[in-house]
Amino acid sequence: MPEKKILIVDADVASRNFIARSLVDQKYEVIQAGSGREGLICAWRDRPDLAIIDPSMSDLKGEEIAIKLRQDPRTANMPLIALSSDSSVVRIKSCLDAGFSEYITKSGQAVQMLNDTIARLFGIAAVSEKKGGMLMVFLSAKGGTGTSSLCANIAHNISKNQPEVRVAVLDLVLPIGSIAPIVGYDGTQNIVTITDMPPVESTPNFFRNELPEMKIWGFNLLAGAPDPESSNQLKVGRIWDIVLALKASYDYVFIDIGRSLSKITLPLIQQADLIALVISTDISTVSLTKTLWTYLKSKGVSASSVYTILNRAVGLEGLSKVDAEKILGIPVQAAMPYLSSNFAFANSQHQPFTLKFPKDSASFVFDATAKDMAALSRKLRAQ
Ligand SMILES: Nc1ncnc2c1ncn2[C@@H]1O[C@H](COP(=O)(O)OP(=O)(O)OP(=O)(O)O)[C@@H](O)[C@H]1O
Ligand SMILES: [Mg+2]
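In the working numbering, the protein residues as written are 1045 to 1427.
And the structure:
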C-alpha cells in the first residue's frame, strides 16, 4: 500500500533496522525513534499513519506512550502495534488496555504477523472517520433519560424506513449494558467477549456474518457488558478498531454510550456523524446537559452534528422545549412525548414501540425522528 508512513519506536537499533528494511521493501515510508520520548515527538510532528512500539523502553513505558498518544487528538485514532519480547498475559492486557490496537511478540513469525496486521489495520482505517457506515452515538448527561430505549427504537425505525440498509447497534454503556434486555437478546456474545478475541479474527466479515440479528428490530446487536466484573475485563484499546470494522460492514452503526462519557468514548463522539443528546424534562438533567455540551464543544464537537432529543421520560410535567433550548443554547430537534407505561410495556415485551403501538402519536415522532436523523447525517457527509 503506497504512501503510508510508519513510525518504529524501539531502543534496539538492530531490531529497528530489521523491521524498517522489511517495511521499506513494501514501499512504506519509515521513520525511527530510539526512545519513548523521541517516539512521542515524531508521532506528533511527523504524523505517521501507524506506529510500531516496543513497550519496554527505559525512559517511558509503552503503556504511558499509548495513553499519551490516545489523549492527543492528532494521534487518538492512530493504529498502534506493540512489538515486544514480553509474552506474558499481564503485559499483553495492560498494553491493550492502555490503547494499543495489537500486541505481537518478537519471535520467528513476528515479521510475517506484523505485515499481515499492518495490511489489515490500514484496510480497516480506510473506512475511518467520514467513510463507511454512518456513526450515530446516543449520549446523555444523566441516567434514566431513556437513551437506550431511544437508541434501539430509532435504529429500528431507520431500518424499517430503509429496508435495504444494514444497521448495527453497539452497547458501550459501562458497567452494565441494557440494550440486550430491551431487545430480548440473551446470548453469550458481547463487547467483552469480542474485545477478547484475537484481533486478527475481528474483521469486517466477522461482524457482517456473526453478530446476532434481532429480527423484529431490523438490526444486528453487539451487546454490552453483562455485569461489572466482566466490564472490568474489557480491553478498551480494541474498541476503536471494532467500531471501524463495524463501519466497514454496516450502513449505520448506532452506539449507546449513555452517560459513560470517558476517554474511551470521547473519540467516538468526536468522530460520530451524528450525536443524539438525550435529555429529560427536569431542570437538573437539562443543566447537566449544558455542562456536558460545553465540555464537548471544548473538545471540538460541532453544534451541527448534535441532535438534541427532549424525552419526556419522567411524566407530563417539566420543562418545555423552549425552556430547554434557552438553558442549553442549542436547538432541540425532536421532542418525545410521555408514553406513560406503554414504553416500559413495549420494552418488557422486547418489542419496538412502533410495532407494538403503531397508532400512538409517539410512533409518528419515532418515525419522523429516524427520517430526520438519517437525512441530517447524509447532509453532513455531503458537506
Ligand atoms: N418518553 C417516555 N415515556 C415514558 N417512559 C419512558 C420514556 N422514555 C423512557 N421511558 C422509560 O424510562 C425507563 C428508562 O429508559 P432507558 O433504560 O432507555 O433509559 P437510560 O437513559 O438508557 O437509562 P440508564 O441510565 O439506566 O442507561 C424505561 O423503563 C423506559 O420505558
Ligand atoms: Mg441505558
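Even for Gly, the Cβ is constructed at its ideal location relative to N, Cα and C. Please read all numbers here as calculations on a predicted model, not as lab measurements.
- The three-state secondary structure of Gln-1315, taken from DSSP, is helix.
- Ala-1055 has its alpha-carbon roughly 12 angstroms from the corresponding atom of Lys-1105.
- By the neighbour-count criterion, in which 16 or more other beta carbons inside 10 Å mark a residue as buried, Pro-1123 falls on the buried side.
- DSSP assignment within the segment 1331-1411 yields the following whole beta strand (DSSP E) runs of 3 residues or more, N-terminal first: 1350-1355, 1378-1380.
- In the DSSP assignment, Thr-1149 falls within the beta strand (DSSP E) that extends over 1146-1149.
- Take Asp-1090, set aside five residues on each side of it, and the residues of its chain with a beta-carbon closer than 6 angstroms to its own are Ile-1075, in chain order.
- Look at Val-1287 here: in three-state DSSP terms it is helix.
- In its chain, beyond the 5 residues on either side, Ser-1192, Ser-1193, Ala-1196, Asn-1391, His-1394 have a beta carbon closer than 8 angstroms to the beta carbon of Ile-1226.
- Take Gly-1262, set aside five residues on each side of it, and the residues of its chain with a beta-carbon closer than 7 angstroms to its own are His-1200, Ser-1203, Lys-1204, Val-1211, in chain order.
- Around the Cβ of Asn-1253, a 10 Å sphere holds fewer than 16 other Cβ atoms; the residue is exposed.
- Ligand 1 has no heavy atom closer than 7 angstroms to the beta-carbon of Leu-1360.
- Rounded to whole angstroms, the separation of the alpha carbons of Ser-1421 and Glu-1047 is 30 angstroms.
- Residue pairing for Phe-1251: DSSP places it in no beta bridge.
- Sixteen is the threshold: when 16 or more other Cβ atoms of the shown chains lie within 10 Å of the Cβ of Gln-1315, as they do, the residue is buried.
- Take Glu-1146, set aside five residues on each side of it, and the residues of its chain with a beta-carbon closer than 6 angstroms to its own are Ile-1125, Thr-1161, Pro-1243, in chain order.
- Put simply, the backbone Cα of Gln-1277 is about 13 angstroms away from that of Gly-1268.
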